[in-house]
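>
2 protein chains.
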Amino acid sequence: MSMASLSAISSQNLFTRRNRHFITRAIQKPLSSTTSTEQLPIQPESDDHHSWRSISGGLNVPSTISNLLHLSAAPKALPVSFDHDQTPIFSPKEDISSLRSAIHGPVDWSSLLEPLHPSLRREILKYGEFAQATYDAFDNNPVSEYHGGSLYGRSRLVPLLGLSHHGYSVTKYLYATSHIDLPQWLLRPLLRSESRWCNESNWMGFVAVSGEAETRRIGLRDITVAWRGTVSPSEWLEDVQSRLEPLPRADDDGALVEKGFLSLYTSRSQSSRFTHSSASEQVMRELLRLVEFYKNKGEEVSVTITGHSLGGALALLNAAEAASLLPADVRVTVISFGAPRVGNQVFGEMLKRRGVKVLRVVTKQDVVPKVPGVVFNEGRKGKGWEWVYTHVGDELTLDAGASPYLKRGVVDIAGFHGLETYLHLVDGYERAEGGFRAGARRDVALVNKATRLLREELRIPACWYQPENKGMARNEFGRWVLPRRDPEDIPSPCDEEKLISSSSSSS
Amino acid sequence: MSMASLSAISSQNLFTRRNRHFITRAIQKPLSSTTSTEQLPIQPESDDHHSWRSISGGLNVPSTISNLLHLSAAPKALPVSFDHDQTPIFSPKEDISSLRSAIHGPVDWSSLLEPLHPSLRREILKYGEFAQATYDAFDNNPVSEYHGGSLYGRSRLVPLLGLSHHGYSVTKYLYATSHIDLPQWLLRPLLRSESRWCNESNWMGFVAVSGEAETRRIGLRDITVAWRGTVSPSEWLEDVQSRLEPLPRADDDGALVEKGFLSLYTSRSQSSRFTHSSASEQVMRELLRLVEFYKNKGEEVSVTITGHSLGGALALLNAAEAASLLPADVRVTVISFGAPRVGNQVFGEMLKRRGVKVLRVVTKQDVVPKVPGVVFNEGRKGKGWEWVYTHVGDELTLDAGASPYLKRGVVDIAGFHGLETYLHLVDGYERAEGGFRAGARRDVALVNKATRLLREELRIPACWYQPENKGMARNEFGRWVLPRRDPEDIPSPCDEEKLISSSSSSS
Chain W
1 MSMASLSAIS SQNLFTRRNR HFITRAIQKP LSSTTSTEQL PIQPESDDHH
51 SWRSISGGLN VPSTISNLLH LSAAPKALPV SFDHDQTPIF SPKEDISSLR
101 SAIHGPVDWS SLLEPLHPSL RREILKYGEF AQATYDAFDN NPVSEYHGGS
151 LYGRSRLVPL LGLSHHGYSV TKYLYATSHI DLPQWLLRPL LRSESRWCNE
201 SNWMGFVAVS GEAETRRIGL RDITVAWRGT VSPSEWLEDV QSRLEPLPRA
251 DDDGALVEKG FLSLYTSRSQ SSRFTHSSAS EQVMRELLRL VEFYKNKGEE
301 VSVTITGHSL GGALALLNAA EAASLLPADV RVTVISFGAP RVGNQVFGEM
351 LKRRGVKVLR VVTKQDVVPK VPGVVFNEGR KGKGWEWVYT HVGDELTLDA
401 GASPYLKRGV VDIAGFHGLE TYLHLVDGYE RAEGGFRAGA RRDVALVNKA
451 TRLLREELRI PACWYQPENK GMARNEFGRW VLPRRDPEDI PSPCDEEKLI
501 SSSSSSS
Chain G
1 MSMASLSAIS SQNLFTRRNR HFITRAIQKP LSSTTSTEQL PIQPESDDHH
51 SWRSISGGLN VPSTISNLLH LSAAPKALPV SFDHDQTPIF SPKEDISSLR
101 SAIHGPVDWS SLLEPLHPSL RREILKYGEF AQATYDAFDN NPVSEYHGGS
151 LYGRSRLVPL LGLSHHGYSV TKYLYATSHI DLPQWLLRPL LRSESRWCNE
201 SNWMGFVAVS GEAETRRIGL RDITVAWRGT VSPSEWLEDV QSRLEPLPRA
251 DDDGALVEKG FLSLYTSRSQ SSRFTHSSAS EQVMRELLRL VEFYKNKGEE
301 VSVTITGHSL GGALALLNAA EAASLLPADV RVTVISFGAP RVGNQVFGEM
351 LKRRGVKVLR VVTKQDVVPK VPGVVFNEGR KGKGWEWVYT HVGDELTLDA
401 GASPYLKRGV VDIAGFHGLE TYLHLVDGYE RAEGGFRAGA RRDVALVNKA
451 TRLLREELRI PACWYQPENK GMARNEFGRW VLPRRDPEDI PSPCDEEKLI
501 SSSSSSS
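Residue numbers (UniProt numbering), protein chains in the order written: chain W, 1 to 507; chain G, 1 to 507.
1) If we ignore side chains and look at the alpha-carbon of each, how far apart do G153 (chain G) and P483 (chain G) end up?
2) Inspect the beta-carbon positions of residue 508 (chain W) and V334 (chain W) and report whether they are closer than 8 Å.
3) Who does T397 (chain W) pair with in a DSSP beta bridge?
4) Within this structure, are the beta carbons of L396 (chain G) and L359 (chain G) separated by less than 8 Å?
5) Less than 8 Å between the C-beta atoms of P372 (chain G) and A339 (chain G), yes or no?
6) With a threshold of 8 Å between beta-carbons, can G478 (chain W) be considered close to chain G, or not?
7) Cutting at 7 Å between CB atoms, please list the residues of its own chain near V426 (chain G), excluding the five before and the five after it.
8) Roughly how many whole angstroms lie between the Cα atoms of E114 (chain G) and H165 (chain G)?
9) List, in chain order, every chain W residue whose beta-carbon is nearer than 7 Å to that of K259 (chain G).
10) Tell me L174 (chain G)'s beta-bridge partners as DSSP assigns them.
11) Mind checking which residues open and close the beta strand (DSSP E) that includes A226 (chain G)?
12) Looking at G148 (chain W) and A255 (chain W), is the spacing between their C-beta atoms short of 8 Å?
13) Which partner residues of R216 (chain W) appear in the DSSP bridge assignment?
14) Just to make sure I have the definition right: I need the residues of chain W whose C-beta is within less than 9 Å of the C-beta of Q466 (chain G). Which are they?
15) Spatial neighbours of L446 (chain W) within its chain, please: CB distance less than 6 Å, with the 5 preceding and 5 following residues excluded, ordered by chain position.
16) Give a yes or no on whether the C-beta atoms belonging to S169 (chain W) and T275 (chain W) are separated by under 8 Å.
17) Identify, in the order they occur along the chain, each residue of the same chain with its Cβ nearer than 6 Å to the Cβ of I23 (chain G), setting aside the five sequence neighbours on each side.
18) Step through the CB atoms of chain W and report whether any lies within less than 8 Å of the CB of I490 (chain G).
19) How big is the Cα-Cα spacing for S97 (chain G) and Q270 (chain G)?
20) Is it the case that the Cβ atoms of L317 (chain W) and A176 (chain W) are separated by a distance below 8 Å?
21) Can you confirm whether W443 (chain W), when its beta carbon is compared against all beta carbons of chain G, has any partner nearer than 8 Å?
22) When you compare each of W:W480, W:R459 and W:R289 to G471 (chain G) by their alpha carbons, which one comes out closest?
23) Should L325 (chain W) go down as buried or exposed, given a rule of 16 or more other Cβ atoms within 10 Å for buried?
24) So which of G:L310, G:V143, G:E145 and G:D139 has the shortest CA-CA distance to L157 (chain G)?
25) Suppose you measure from the CA of G439 (chain W) to the CA of A402 (chain W); what does that come to, to the nearest Å?
26) Note down the Cα distance separating F82 (chain W) from P487 (chain G), rounded to an integer number of angstroms.
27) Locate the beta strand (DSSP E) running through G307 (chain W), then write down its first and last residues.
28) Please list the partners that P461 (chain W) has in chain G, where partner means a Cβ-to-Cβ separation under 7 Å.
29) Can at least three beta-carbon pairs, one atom from the stretch 276–295 of chain W and one from the stretch 201–220 of chain W, be found at a separation below 8 Å?
30) Span of the alpha helix (DSSP H) holding I413 (chain G)?
31) Just the chain W side, please: which residues come within less than 9 Å of L157 (chain G) by C-beta, in chain order?
32) Have a look at A26 (chain G) and H424 (chain W) and give me their C-alpha separation to the nearest angstrom.
33) Taking Cβ positions, are G418 (chain G) and A462 (chain G) nearer each other than 8 Å?
34) Can you pull the chain G neighbours of L423 (chain W), defined as C-beta to C-beta under 9 Å?
35) Please report the straight-line C-alpha distance between L40 (chain W) and S309 (chain W), rounded to a whole angstrom.
36) Find the nearest neighbour of G348 (chain W) within the set W:A323, W:V367 and W:G478, judged by alpha-carbon distance.
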């Protein structure tokens, strides 16, 4: 790879100047000396911090670069029937209650991962679609009165986003604020005004609970938490690095987590009605309430926490707290997509000891799971290891090169990080090195909702997920206005504490 | 103005490298020597082509730059009632048949221009909205089967775009092709395939005729032609310069017009069903047909040709031909918006001699009317003048600084060139230096359909005119697809030759 092709990378819009440094640093040495894809040897006890080999940790640089560039050989032929507009996207759902210990319960799920069990695949997609809903419902119109909130009221999110077939009801919305300087894209009060619904808090996700039919199908009552992340990785790659701090209330000395994630999860603000209590307090109060309610009815209960990107980091913090505060027989599971590292090795061991099962879904071409800790990570042992970021749990590794529907030879940092890209690859995944599953039925067009990754032959517009006229509509006088929002969809903190009976009986 | 602020201009996205040269050339000399807004002296008989003063022609450089930057002093206060969402956009229409000679007939309209007569303002807006319809109905989705055509069938354009109140019916769609290399944005067969409806031709506008009610109101039968232009001036600024060639069939020796415009207006293609005949042949055949039909009924007939940008250039070529081929008592009028220069002085005199009335609506901050001929233009006399581009007709000069609704101090080449910006400024225009008309009722929100020019306090989203999900919709299998188009909206050359009785009786 020549410097010319390097500069071609860095001229991509998605690379800020700082990210360019990140990439350059990652690849600076081996380019001329090796093109092998072998793992470079690790020298665990070396004291020479300036030797490239000693700090490379588990990073396989040539294959990382090849993955980033999505350089897998020739384009694959499209499946013969790629024009399957007439194929239903849903196959009939099967009863998976016999698998409940392995999927939602205490049994390790490694036996379901290779090859990927169809029922686990389906569950991963279900939680991934809940995580996707936090993006699809997010109001990111800077001139909206409710910018930074959810577009839809709590009871309308599931039906309006077409997720009713999953059989869950949302019981609570979650909001977060932060006391440290977070990048502007994370908390977005762009147009400050007296009338704004909230200048400091953002909608960050929801708690939902399985209805009667879904509870029977999976064999227990499942409470799920979905955390919103971010779809613009370009700024945060550098921002989240190297600011570990101790986890409060940890019974393990030495558990360190990233300061920015922790601040978002634990900050309160007296000036915002939505975050008088922190995200942590909101979610834990709701989880304790729901668990108590269903356990009093004698039911078996699981908690499954999901999130993409930043949302995956929040899911891990949430899981650590839930596993410590909930009754021991309530199993806490995390299914994250493209999540960054969150804490050090002590934090990881703490999660394991508390029985938290973690499945990290990671795409080879996605750079976000490589941060923080591109250089210092779980591959590194020895002096100073307590300050090293560590991944947690089992990894399901996806390869964008396996999908015949995606373009070849493109550098698209945001595209490979996108959650819909992840869900497409999960749908096609059968086994490592196993190509793309012929029976995959998920709608391929969804990949291009916010990317341009689909091959042009498919004729799906790029970045097509957009509201008509950005929500503007003509009123009875012929004028274009942003219509007043349906009262049911106006964010309100009072709305968040509904009686459980009304929510659990609705499905 | 310092070089620092210059480089701030050139860093704007809209400036391609070539346009930057254009700007630099236009302002290179006077920056350090004068900030006066006086007209620089012209030396008409100078032979020194390299003297800046001698080639500056009518260009008032300091005021041009000040206009480009939209540097008028402090922001004006918004009108007290700017939140007039409850005000109807239409006032009752008055009978203007007594003004027919001045508005649509042979009488010079200079008496109506200063101050601008309310009835002429209303007519200018009517034709401007027809020109705007050619943009609003243009299919610019690169993966659409009908990319480059109209989104709506001929009979549905007026009602679907909310223009029924004008009382016209579309009788024919116009298509064009070109035999010279035009920039890609102009003819856009992006996705070539066997099934594409047309790889070579683009929809370029329509012919419409006034219905009975409108004909009574304005005092004669009005046939209008609206030509589509382009909304992306960044590339064409340089492309259209300095390629004058003789007008074919001109009875005036020495009439020269810009080669690119002429090619688009006159080219045919045997391989495209839509342009077996040229745009010129299509429009003239329809005009002759309609004129004959209505004159046979004993009616007085006018032809009013409109267009924005490139569309304004085509309008002028069309007017030159129409005035030569139609009966002498049919008055031909052009109302153009932000149109570039088209031909030389002989071409201009030819139009005048043929009785073509031209109203050029021009915004001071718009650069497009300054091309071709930024340097060599009607201000230049003497040797070589037959190769000099010349503006034609009366000018109505708008000033973006007059509107209290627009941002100050922005450089927004595309924004100031946008047709909706023009229509907003026409609505507010009363007299030169006269501020913004208090009675203006046109919907201000329309300015931001494709710009970000409106002040943020108005809380209108930027560039809000967009179809829901780029036309994607879920089919009965739950899949997102571009739905098959309503047969009525599928472009067809056969559809273009309808009996006049059906179209003229419909309104």
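Glycine included, every Cβ here is placed at the ideal spot set by N, Cα and C.
Let's see:
1) In this structure, the alpha-carbon of G153 (chain G) lies about 16 Å from that of P483 (chain G).
2) As shown, chain W starts at 1 and ends at 507. That puts residue 508 (chain W) outside it, with no answer to give.
3) In DSSP, T397 (chain W) forms a bridge with W:V362.
4) Yes, Cβ-Cβ distance for L396 (chain G) and L359 (chain G) is below 8 Å.
5) With contacts defined by Cβ atoms closer than 8 Å, P372 (chain G) and A339 (chain G) do not form a contacting pair.
6) Yes - at least one Cβ of chain G is within 8 Å of the one on G478 (chain W).
7) For V426 (chain G), where only same-chain residues beyond five positions count, the Cβ hits under 7 Å are R121, I124, L125, G128, V361 and L398.
8) In a straight line, the C-alpha of E114 (chain G) is about 27 Å away from that of H165 (chain G).
9) Chain W residues near K259 (chain G): none, gap ~33 Å exceeds 7 Å.
10) Answer is G:G205, bridged to L174 (chain G).
11) A226 (chain G) -> beta strand (DSSP E) spans R221 to W227.
12) No, the pair does not count as a contact, with Cβ atoms beyond the cut-off.
13) The beta-bridge partner set that DSSP reports for R216 (chain W) is empty.
14) Residues of chain W whose Cβ lies closer than 9 Å to the Cβ of Q466 (chain G) are, in chain order, Q466, P467, E468, N469 and K470.
15) Cβ neighbours of L446 (chain W) beyond the five flanking positions: E420.
16) If you check the CB distance, S169 (chain W) and T275 (chain W) do not come in under 8 Å.
17) Note that I23 (chain G) scores 31 on pLDDT, short of 50, meaning its location in the model is unreliable and no value can be drawn from it.
18) No, because no Cβ of chain W sits closer than 8 Å to the Cβ of I490 (chain G).
19) The straight-line gap from Cα to Cα measures roughly 45 Å.
20) Not in contact: L317 (chain W) and A176 (chain W) (Cβ atoms no closer than 8 Å).
21) Reading off the sequence shown, one finds Asp at residue 443 (chain W), where the question assumed Trp. At least one chain G Cβ lies under 8 Å of D443 (chain W).
22) Nearest option by C-alpha distance: W:R459.
23) Classification of L325 (chain W): exposed, given that the 10 Å Cβ count is below 16.
24) Sorting G:L310, G:V143, G:E145 and G:D139 by C-alpha distance to the C-alpha of L157 (chain G) places G:D139 at the top.
25) When rounded, the distance between both Cα atoms is 14 Å.
26) Note that F82 (chain W) scores 49 on pLDDT, short of 50, meaning its location in the model is unreliable; the coordinates nonetheless yield the value given after this. So the two alpha carbons sit approximately 26 Å from each other.
27) G307 (chain W) -> beta strand (DSSP E) spans V301 to H308.
28) Neighbours of P461 (chain W) on chain G, chain order: N141, V143, K470 and M472.
29) Note that the stretch 276–295 of chain W touches the stretch 201–220 of chain W; at least 3 beta-carbon pairs, one per stretch, sit closer than 8 Å.
30) I413 to H417 is the extent of the alpha helix (DSSP H) around I413 (chain G).
31) Within chain W, no residue comes near L157 (chain G); the closest Cβ sits about 17 Å away, beyond 9 Å.
32) With a pLDDT of 32 at A26 (chain G), under the threshold of 50, the predicted position of this residue should be treated as unreliable, and no value is reported.
33) 8 Å or more divides the Cβ of G418 (chain G) from the Cβ of A462 (chain G).
34) Within chain G, not a single residue places a beta-carbon under 9 Å from that of L423 (chain W); the smallest gap is close to 14 Å.
35) Residue placement at L40 (chain W) cannot be trusted, given a pLDDT of 31 that sits under 50; what the coordinates show is reported in the next sentence. CA-to-CA, the gap between L40 (chain W) and S309 (chain W) works out to about 28 Å.
36) Distance from the Cα of G348 (chain W) is smallest, within the candidate group W:A323, W:V367 and W:G478, for W:A323.
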